Every structure is written in structure tokens, then in C-alpha cells.
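Report on the structure given below.
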Amino acid sequence: MSKQLYRLVYYSRNRIAKDGNDFRTAIEQILATSRENNSRCDVTGALIFNAGCFGQVLEGRLEDLEATFERIQQDDRHGDVSLLAMEPIEHRHFARWSMALVSALPSDDSALTSIGLQSGFDPSNLNGDELHSVLHRLLLEEEALLAQ
Ligand code: FAD
1 MSKQLYRLVY
11 YSRNRIAKDG
21 NDFRTAIEQI
31 LATSRENNSR
41 CDVTGALIFN
51 AGCFGQVLEG
61 RLEDLEATFE
71 RIQQDDRHGD
81 VSLLAMEPIE
91 HRHFARWSMA
101 LVSALPSDDS
111 ALTSIGLQSG
121 FDPSNLNGDE
131 LHSVLHRLLL
141 EEEALLAQ
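For the sequence shown, the UniProt record's numbering assigns the number 1 to the initial residue and increments by one for each residue that follows.
Next up, the structure:
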């Protein structure tokens with residue numbers, strides 16, 4: 001098995017009804033399943049939800065990324081899955097996260113979308129490099145805030 005690492009970046013349209021607890025539960029389930037599955041095959045990355053879109057970066061070996069992305073594409077909790085990048089990388093940027101959620105689940109659902117609405121973030125307007133950089137920057141900023 002090749003040890004070459006790859007990065008996969010995509011965005012998709014949310015299909016989960018944004019009504020209170022059901023939405024929170026669905027996001028929590030996606031994260032729990034992602035963290036369990038990704039830990040098993042050494043896939044790392046980050047997920048952001050915003051303004052009706054998901055943006056996600058996945059890092060790992062090619063065959064693990066392909067298998068993971070195959071499952072993700074078949075998930076009817078989102079649709080219009082658009083691959084932005086699949087490219088070899090020298091090292092991981094999300095090595096510590098089996099799947100980070102950028103902006104931890106807040107106490108109300110409106111706050112979950114506020115991060116993007118405030119910054120004008122819309123993953124469908126970004127290319128793979130840009131979406132990757134935004135996710136990485138927001139995650140590091142959030143960690144710095146939590147450490148204060
Ligand atoms: P299963 O045993 O099939 O399901 C695990 C849990 O998810 C169960 O509680 C099940 O009820 C629930 N579930 C599964 N599919 C659905 C569905 N369509 N609707 C409602 N509930 C459902 N998976 C990863 O492994 N890694 C990722 O990084 C990852 N990122 C994701 C990002 C997004 C935006 C979305 C929408 C999904 C993501 N998933 C990810 C989930 C992925 O789409 C599959 O649901 C999952 O990989 C199936 O894994 P499994 O066969 O082990 O789990």
C-alpha cells in the first residue's frame with residue numbers, strides 16, 4: 001500500500017431540515033460516525049457547515065479517501081456533492097483531528113451558521129486550496145480562543 005498522502009476537498013448542499021434538535025442530532029451523528037470510521041483508517045480532516053452548505057477536507061492514503069468519499073457521496077443528508085480537489089500532499093494539516101468541526105456545536109442552531117454568515121463564507125465560491133485554507137485558519141483561531 002502506497003504511503004503517499006492525499007488531500008480531498010469538497011462541498012455539498014445540506015439536506016437536513018434545520019429544525020432545532022433534529023439538526024443538532026444529525027450533525028452529532030455525522031461527526032461521531034466520521035470520527036470512528038476515520039480513526040480506523042487514519043483519515044484526518046475538518047468539516048464546516050454553513051448557509052446550507054457543508055465544506056470538508058479529508059487527508060489520508062488514496063484508497064482510504066476514495067472509500068470514505070464513496071460513502072459520503074451516497075449519504076442523503078446532503079446532495080450536489082462537488083469535488084474541489086484531490087491532490088498529493090507532503091504532510092497533513094489536520095493531523096490531530098479525525099474530524100474537527102469548525103466551530104464546536106453551540107447552544108443554539110443559529111449560532112452554528114453564524115460563523116460563515118458573518119464572514120461571508122460560502123464554500124461553493126471557493127476553490128479547493130481556498131476552502132482548505134479557510135478551514136485550517138478558522139480551526140487554529142478557534143483553538144487559540146479556547147486556550148485563552
Ligand atoms: P452506518 O452504520 O451506516 O451509520 C452510522 C450512523 O449514521 C447510524 O447512526 C445511522 O443511523 C446514521 N446514518 C447513516 N446514514 C444515514 C442517512 N443517510 N441518514 C440518516 N442517518 C444516517 N463518514 C465517514 O466515515 N467519514 C467522514 O469524514 C464523513 N463525513 C461526512 C460529512 C458529511 C457532510 C456527511 C453528510 C456525512 C459524512 N460521513 C462521513 C458519513 C457517511 O456519509 C456515511 O454515513 C458513513 O460513513 C457510514 O458509515 P458506517 O457504514 O460505518 O455507518
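Built from N, CA and C at the ideal position, the CB exists for glycine as well. As the structure is a prediction and not an experimental result, all values here were calculated from the model.
Enumerate in chain order the residues of its own chain whose CB-to-CB distance from residue i is below 8 Å, with the five nearest sequence positions on each side excluded.
| i | result |
| --- | --- |
| residue 17 | 23 |
| residue 46 | 56, 57, 94, 97, 99, 100, 101, 102, 135, 136 and 139 |
| residue 80 | 12 and 13 |
Can you find a CB in chain B that lies within less than 8 Å of the CB of residue i?
| i | result |
| --- | --- |
| residue 42 | Protein chains in the displayed structure number just one, and chain B is not present. |
In three-state DSSP terms, what is residue i?
| i | result |
| --- | --- |
| residue 136 | helix |
| residue 42 | coil |
| residue 14 | strand |
| residue 82 | strand |
| residue 60 | strand |
| residue 7 | strand |
| residue 50 | strand |
Between residue i and residue j, is the Cβ-Cβ spacing less than 8 Å?
| i | j | result |
| --- | --- | --- |
| residue 53 | residue 13 | yes |
| residue 5 | residue 72 | no |
| residue 2 | residue 62 | yes |
| residue 84 | residue 20 | no |
Pull up the CB-CB distance for residue i and residue j, whole angstroms please, since I reckon it's below 8 Å.
| i | j | result |
| --- | --- | --- |
| residue 77 | residue 48 | Actually they do not touch by this definition, with Cβ atoms about 15 Å apart. |
| residue 82 | residue 10 | 6 Å |
| residue 64 | residue 41 | 4 Å |
Identify, in the order they occur along the chain, each residue of the same chain with its Cβ nearer than 7 Å to the Cβ of residue i, setting aside the five sequence neighbours on each side.
| i | result |
| --- | --- |
| residue 92 | 5, 44 and 59 |
Quickly, what does DSSP pair residue i with across the bridge? List them, please.
| i | result |
| --- | --- |
| residue 87 | 7 |
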